[in-house]
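J.:
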Amino acid sequence: MLLTDLVREAFRSLRQRPGRAVLSALGSVLGVATVVAIVGLSETASHQVTLRFDELRATRLVVDAASPDEPEVLDVADLDAIRAVNGVTSAARIMAMGNRLATLVPVHGRAISISPSTVSLDFQDALDVEVLAGTLWDGAGPESRVAVIGETVVRELSMGPFVGPFELWVDGLPVTVTGVVRGSGLDLGLSGAVLVPESQSEFWGRPRDGSLIVRVLPGAGAGVGEVLPTLIDPTAPHKYAALVPPEPERLRATISGDTRLAFIAGSVIALLAGAIAIATSTLTSVVERTEEYGLRRALGARRADILRMVLIETTVLGALGGVVGSYLGLAGILAASLLLDWRPIFEPGLIPLAIVIGSAVGALAGLIPAARAAGLQPVTALRRV
Amino acid sequence: MAAILEARGLGKTYTTGPEPVVALRDFDLAVEPGTLTVIKGRSGSGKTTLLNLLGGLDRPTTGTVLVDGVDIHQLSPGELAELRRSTVGFVFQTFGLLPILTAAENVEVPMRLARADHDLRRSRSTALLEHVGLGGRVKHRPHELSGGEQQRVAIARALANEPKLLLADEPTGQLDSRTGRTIIELIYNVVREDGVAAIVATHDPAPMALADRVIELSNGRAIIPN
Ligand SMILES: Nc1ncnc2c1ncn2[C@@H]1O[C@H](COP(=O)(O)OP(=O)(O)O)[C@@H](O)[C@H]1O
Ligand SMILES: [Mg+2]
Chain A
-2 MLLTDLVREA FRSLRQRPGR AVLSALGSVL GVATVVAIVG LSETASHQVT
48 LRFDELRATR LVVDAASPDE PEVLDVADLD AIRAVNGVTS AARIMAMGNR
98 LATLVPVHGR AISISPSTVS LDFQDALDVE VLAGTLWDGA GPESRVAVIG
148 ETVVRELSMG PFVGPFELWV DGLPVTVTGV VRGSGLDLGL SGAVLVPESQ
198 SEFWGRPRDG SLIVRVLPGA GAGVGEVLPT LIDPTAPHKY AALVPPEPER
248 LRATISGDTR LAFIAGSVIA LLAGAIAIAT STLTSVVERT EEYGLRRALG
298 ARRADILRMV LIETTVLGAL GGVVGSYLGL AGILAASLLL DWRPIFEPGL
348 IPLAIVIGSA VGALAGLIPA ARAAGLQPVT ALRRV
Chain B
518 MAAILEARGL GKTYTTGPEP VVALRDFDLA VEPGTLTVIK GRSGSGKTTL
568 LNLLGGLDRP TTGTVLVDGV DIHQLSPGEL AELRRSTVGF VFQTFGLLPI
618 LTAAENVEVP MRLARADHDL RRSRSTALLE HVGLGGRVKH RPHELSGGEQ
668 QRVAIARALA NEPKLLLADE PTGQLDSRTG RTIIELIYNV VREDGVAAIV
718 ATHDPAPMAL ADRVIELSNG RAIIPN
């Protein structure tokens, strides 16, 4: 029989039992959707990292001690001089202070260890800080002890979501937490941070480490990086160095290395489940259609004709599942990107690939039912007519 | 005239059940082209068993079946399928039409299995349906046809690859006697006009008058061999 005839007949016979067809295809729909979503999202995520990263790489400098063996607390008296450099858009000083214990109540509370850092004015811009809840402390006077904290600190305090300013007790004194922040910058994971104003540095003790974060116009990084160390300490221009964030390749590799394996495992499992769904329901339908196969054999169908007929049906099912599944997966990518505020990346080649995968799943799933249908003895099958 | 079909010492014992059932024993038959043979007998007398053996659907326990001088039970499964496709046409009591296909497409199934091209199939299925008096029902589905009409489609399908042998197992069993008679007449015309050898199993007395030979089966034995 010609392939077009076979495919047309497969469609009709699937339409004959639409409920069963939908149910069996569901497996491959979900399998393919998972694969498409997983591949698309990992693509989207790694591009996200790269985009974000390239942006930061081009516009941010971190000035630190040049030799890590001789940690030097950065001492920049005049941030305004740095802000005045051509190409600099903002500059902030960040100083890590010693670890402290903090509680939610004045006495006898459960204490957590915090690592406060003092930050200069302008820090929101320079650190690329995003306020998740509450506010920064701009309004507070230099006398008030205030702080903003990262998400991990909120979790460690086990206080539920941030609903408004609250007190954190450090050494018997209250510190008002005005908001929750997140660093959009990748290397400054602010999630464990407690940021406090520089004006309060006496309360927080002596700095252990300090760096200068400078945002520059795109393309100005190299030039600014050259002049900054001299500007900070004209007597020792090699004491400090302006660094750009680490190589993007490594970041991207980390993301894909960590997740790709889980992604592949997830896809394979989803597709296997899809194949099993098609195989099971096709086996039932082979039993139901025993007499039809007997009849066809009586009319002169070879075993191979029956085998092909069942295989084409499951392949068509798998392919249909692939079409629907790839669009479902695409919708998943879009929804996730919307939710995470990412730029969705969708490889158009994924759709034909998904259809091929779906067909392969269908063909694979059809092997056992097809062999069973082809193995029926014509006379036994016909007895049921 | 040389026999198109010959059965010699044909016997079939089913061993699938708890006790072996001898469904047919020592059956001899020779059928010439252009003749109508009626196998009559009660339900359970072995008619279906006999037709299945003659058409190569089942293998005998004893004896041989020769079609055109070839012992068909020596053939490979592929050659048997080829025999059923091109030399034998089957008609069943329950018509056996595929519900998803139109009348014409049902007629075309054996031609498709024989890999006939589309145009030839179309013209031949149309001509065959006209031949059985269903020229106006080409695009109807089986459920849109009466029982008699469905059986006509089945006869047209059985004739699709110009078989030499037509095997009909109680073709009128599901039909009222008037419709049944027209079906038998149709088979009779095919025998006379196309030179096909037809073997019709039935317990309906109507075909007897038109038959060249009537064989009665009882408990798997021919009781009045002609
Ligand atoms: N597959 C089978 N297994 C066991 N016994 C069978 C089988 N097919 C038919 N028989 C028995 O063989 C005998 C003849 O059956 P059958 O050829 O169908 O008769 P008829 O067509 O004349 O009604 C019956 O007794 C029936 O029960
Ligand atoms: Mg019978």
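As given, the protein sequences belong to chains A and B, one line each in that order. Residue 155 in my numbering sits at position 158 of the first sequence, and the numbers go up by one each step. Here my numbering runs 517 ahead of the position in the second sequence, where the first position is 1. Note that the Cβ used here is the ideal one computed from N, Cα and C, for glycine as well. For clarity, every value in this text was computed on a predicted model and none was experimentally measured.
Mapping the DSSP letters down to three states, classify B/E642 as helix, strand or coil.
T.: Glu is not the amino acid found at residue 642 of chain B; the sequence shown has Ser there. If DSSP states are grouped into helix, strand and coil, B/S642 belongs with the helices.
J.: Are the CB atoms of B/L662 and B/R674 nearer to each other than 8 Å?
T.: no
J.: Would you say the segment 701 to 718 of chain B touches the segment 552 to 570 of chain B, given that touching needs at least three Cβ pairs under 8 Å?
T.: yes
J.: Below 7 Å, is the gap between the Cβ of B/K564 and the nearest heavy atom of ligand 2?
T.: Within the cutoff, so yes.
J.: Locate the beta strand (DSSP E) running through B/E523, then write down its first and last residues.
T.: 522 to 531 is the span of the beta strand (DSSP E), which, as asked, contains B/E523.
J.: Any C-beta of chain B sitting closer than 8 Å to the C-beta of A/G372?
T.: no
J.: I want to verify the contact list: residues of chain A whose CB lies under 7 Å from the CB of B/N736, in sequence order.
T.: Residues of chain A passing the Cβ test: none, with the nearest at roughly 20 Å.
J.: Roughly how many angstroms separate the alpha carbons of A/A370 and A/L280, rounded to a whole number?
T.: 9 Å
J.: How far does the alpha helix (DSSP H) with A/T227 in it reach, from first residue to last?
T.: Segment 218 to 229, the alpha helix (DSSP H) holding A/T227.
J.: If the criterion is Cβ atoms closer than 8 Å, does the pair B/L692 and B/G664 meet it?
T.: yes
J.: For B/M628, which residues of its own chain have a beta-carbon under 7 Å away from its beta-carbon, when the five flanking residues on both sides are left out?
T.: Correct list, in chain order: R638, R641, A677, N678.
J.: Answer yes or no: the CB of B/V538 versus the heavy atoms of ligand 1, is any distance below 7 Å?
T.: At least one heavy atom of ligand 1 sits closer than 7 Å to the Cβ of B/V538.
J.: Quick one: Cα of A/M94 to Cα of A/I273, how far?
T.: 59 Å
J.: Going by C-alpha distance, which of A/V32, A/A7, A/L38, A/L27 is nearest A/L335?
T.: A/L38
J.: I want to see whether chain B comes within less than 8 Å of A/P375, judged by CB atoms only; does it?
T.: yes
J.: Any Cβ of chain B within less than 8 Å of the Cβ of A/L325?
T.: Using a Cβ-Cβ cut-off of 8 Å, A/L325 does not count as an interface residue toward chain B, since no Cβ of chain B sits closer than that to its own.
J.: Does the contact criterion of 3 or more C-beta pairs under 8 Å hold for the segment 695 to 703 of chain B versus the segment 523 to 535 of chain B?
T.: no
J.: Starting from B/L684, follow its DSSP beta bridges and name the residues at the other end.
T.: Paired residue(s): B/F607, B/I716.
J.: Is DSSP giving B/D588 helix, strand or coil here?
T.: strand
J.: Is the Cβ of B/R629 closer than 8 Å to any Cβ of chain A?
T.: yes
J.: Looking at the structure shown, is B/G580 part of a helix, part of a strand, or coil, going by DSSP?
T.: Looking at B/G580 - three-state DSSP - the assignment turns out to be strand.
J.: May I ask which residues mark the beginning and end of the beta strand (DSSP E) holding A/S87?
T.: 85 to 94
J.: Answer yes if the segment 350 to 363 of chain A comes into contact with the segment 17 to 33 of chain A, meaning at least three C-beta pairs across the two stretches below 8 Å, and no otherwise.
T.: yes
J.: Using the three-state DSSP reduction, which class does A/I450 fall into: helix, strand or coil?
T.: Coverage of chain A is limited to positions -2 through 382, which leaves residue 450 of chain A absent and any answer about it impossible.
J.: Show which residues of chain A have a CB atom less than 9 Å away from the CB atom of B/R602.
T.: L296, G297, A298, R299
J.: By the 10 Å Cβ neighbour count, where 16 or more other Cβ atoms means buried, how is B/I740 classified, buried or exposed?
T.: exposed
J.: Name, please, each residue of chain A whose Cβ falls closer than 8 Å to the Cβ of B/F607.
T.: A295, L296
J.: I think A/V177 touches A/V193, with their Cβ atoms under 8 Å apart; what is that distance to the nearest whole Å?
T.: Separation of the CB atoms of A/V177 and A/V193 is rounded to 14 Å, and the pair is thereby denied contact status at 8 Å.
J.: For B/D729, collect the residues of the same chain with a Cβ closer than 6 Å to its Cβ; drop the 5 residues on either side in sequence, then sort them by chain order.
T.: T552, L553
J.: Between the segment 694 to 723 of chain B and chain A, which residues of the former have a C-beta closer than 8 Å to a C-beta of the latter?
T.: none
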